[in-house]
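Visitor: Position one of the sequence shown corresponds to residue 0 (numbering that gives the first Met the number 0), numbered consecutively onward.
All C-beta atoms, glycine included, are put in the ideal place defined by N, C-alpha and C.
In this text the structure is predicted, and so the values were computed from the model without any measurement.
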Amino acid sequence: MSKYINPYTDFGFKKLFGEEANKDLLIDFLNQLLPDYHQIATLTFRNNENLSEFAFERSAIFDIHCEAQSGERFIVEMQKAKINFFKDRSLFYTTFPIRDQAKKGNEWDFRLTPIYMIAILDFLYDEEAEKQKFLRSVALKDQDGELFYDKLHFKFIQMPLFNKAENELVTHFDKWIYFLKNLASSNDIPDILREPIFEKAFHEAEIAAMTSGEYDNYQKSLMKYIEIREVVNTAVNSAVKNAEKDNAKKIAKDLKRLGVTKNIIVESTGLSEKEIDDL
């Protein structure tokens, strides 16, 4: 049995980053991703689960209202991203804190506070050119690549692309990602993470320290996570098989065009005779 929670579960994600007592963990993590001028001094949560619209969809998303060390206020939307159309969802979710800033009456000048969408992904999204980007930072730019709007930023972290070993960790951000990726399989705190902030994070993640109610909720959350992962794996495998079959059909067409016999095409592509005849 694991010693520590799985941070990709809804329960684990909230335990580490969504509780008042763990704000210091969240601030330390987010400050690794935010620019110098938006380093967080204080933050408050908005309870998305109490929102009437799309409450289920937003159960693992936090609207975090932040005050920078400079005094400027801004909003971070942090999510453990869902699996389907996550880019669309990410854009959609940012409309909530944008809309919520609207002021009633005729006096509002439409000035908005900056918004960051930060998504921690335990899967690879399926755009070939982006598969090599562990951290993808997105802003609204014009056709020349110049920044058009500086108040809406997206940061997508593809966790499967982080493969650094313990002795390869260099930055504080490296350590956070290593912690999140290896937490559920850890039996003890690695020497390189023997720092107060990570020692607290490991302590908060201990399954043995849970109440019976917390443990039951965690188990339910873990089962839901496993079910979702199975659905994802099935969908990915199906997509791969479809792509392989499409490629096989293309090869078969070329072979037919060259006059290669059907038996050889079957052996070469794995297609059935009927599939070859139907091309």
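Considering only the beta carbon of each residue, do residue 92 and residue 33 sit closer than 9 Å?
Guide: no
Visitor: Give me, in chain order, the residues of the same chain whose beta-carbon lies closer than 7 Å to that of residue 111; leave out the 5 immediate sequence neighbours on both sides.
Guide: 97, 100 and 150
Visitor: Taking the DSSP output, what are the residues bridged to residue 140?
Guide: 146
Visitor: If we count Cβ pairs, one from each stretch, closer than 8 Å, do we get three or more for the stretch 135-146 versus the stretch 167-174?
Guide: Under the 8 Å Cβ criterion, the stretch 135-146 does not count as touching the stretch 167-174, having fewer than three qualifying pairs.
Visitor: Alpha carbon to alpha carbon, what distance is there between residue 212 and residue 35?
Guide: 40 Å
Visitor: Can you have a look at residue 148 and say buried or exposed, based on whether 16 or more other CB atoms are within 10 angstroms of its CB?
Guide: exposed
Visitor: Roughly how many whole angstroms lie between the Cα atoms of residue 12 and residue 252?
Guide: 49 Å
Visitor: With a cut-off of 8 Å, do at least 3 Cβ pairs link the stretch 193-206 to the stretch 57-73?
Guide: no
Visitor: Between the alpha carbons of residue 222 and residue 272, how many angstroms are there, rounded?
Guide: 43 Å
Visitor: When the Cα of residue 163 is compared with those of 153, 154 and 181, which residue comes out closest?
Guide: Taking only the C-alpha atoms, the option nearest residue 163 is 181.
Visitor: I'd like the list of long-range same chain contacts for residue 270, defined as Cβ closer than 8 Å, with 5 residues on each side in sequence excluded.
Guide: 244, 247, 248, 251 and 264
Visitor: Could you give the C-beta distance for residue 120 and residue 157, rounded to a whole number, given that I count them as a contact under 8 Å?
Guide: 5 Å
Visitor: Please list, in chain order, all residues of the same chain as residue 172 whose beta carbon is under 7 Å from its beta carbon, the five residues on each side excluded.
Guide: 31
Visitor: Which residue marks the beginning of the alpha helix (DSSP H) containing residue 98, and which one marks its end?
Guide: 85-98
Visitor: Identify the continuous alpha helix (DSSP H) that holds residue 115 and give its terminal residues.
Guide: Unbroken run through residue 115 is the beta strand (DSSP E), 114-120; no alpha helix (DSSP H).
Visitor: Need the endpoints of the beta strand (DSSP E) that residue 106 sits in, please.
Guide: Where residue 106 is concerned, there is no enclosing beta strand (DSSP E), given that its DSSP letter is neither H nor E.
Visitor: Mapping DSSP to helix, strand and coil, what is residue 55?
Guide: For residue 55, the pLDDT reaches just 49, beneath the cut-off of 50, and the residue's location in the model is therefore unreliable, leaving the point undetermined.
Visitor: According to the neighbour-count rule (16 or more other Cβ atoms, all chains shown, within 10 Å of its Cβ), is residue 75 buried or exposed?
Guide: Buried, by the Cβ-count rule.
Visitor: Please report the distance separating the alpha-carbon of residue 4 from that of residue 228.
Guide: 16 Å
Visitor: Is the distance from the Cβ of residue 118 to the Cβ of residue 136 below 9 Å?
Guide: no
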